[in-house]
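Note that this note's numbering has the sequence shown beginning at 32, numbered continuously upward.
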Amino acid sequence: MARIAGVDLPRGKRIEIALTYIYGIGHTRAKEIITECGVEADRRTQDLSDDDVNRLRRQIEGKLQGGRYASYRDVL
């Protein structure tokens with residue numbers, strides 16, 4: 032099971048949906064993260080390679096603020 036930002040992502044879900052289990056990440060932001068990391072949105076969490084998970088983890092945890100994903104309101 033992939034663990035990112037302290038959240039165990041559900042194995043059977045598409046990664047696009049699984050990322051929304053992380054506080055502060057919705058569908059739009061999940062799509063942006065997946066595109067930036069070069070991961071296919073329709074892949075299941077259980078089918079991701081360790082390299083894919085590490086790229087996603089670095090992308091997400093690099094933008095975390097106080098245990099949650101930074102919102103646009105936090106940037107202003």
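Ideal Cβ placement from N, Cα and C applies to all residues, glycine included. On a predicted model such as this, the values are computed, not experimentally measured, just so you know.
Segment limits, alpha helix (DSSP H) that includes residue i
i, result
"residue 61", "58-68"
"residue 78", "Note, residue 78: premise wrong, no alpha helix (DSSP H); not H, not E."
"residue 49", "46-49"
Strand pairing of residue i, partner residues [DSSP]
i, result
"residue 15", "The displayed coordinates of the chain run from 32 to 107. Any statement about residue 15 would go beyond what the structure contains."
Cα-Cα separation, residue i to residue j
i, j, result
"residue 67", "residue 90", "8 Å"
"residue 41", "residue 76", "7 Å"
"residue 57", "residue 80", "23 Å"
"residue 52", "residue 38", "7 Å"
Anticipated Cβ contact below 8 Å, residue i with residue j, distance rounded
i, j, result
"residue 33", "residue 92", "Not quite, the Cβ-Cβ distance comes to about 13 Å (not below 8 Å), so this is no contact."
"residue 45", "residue 83", "The Cβ separation is near 13 Å, so there is no contact."
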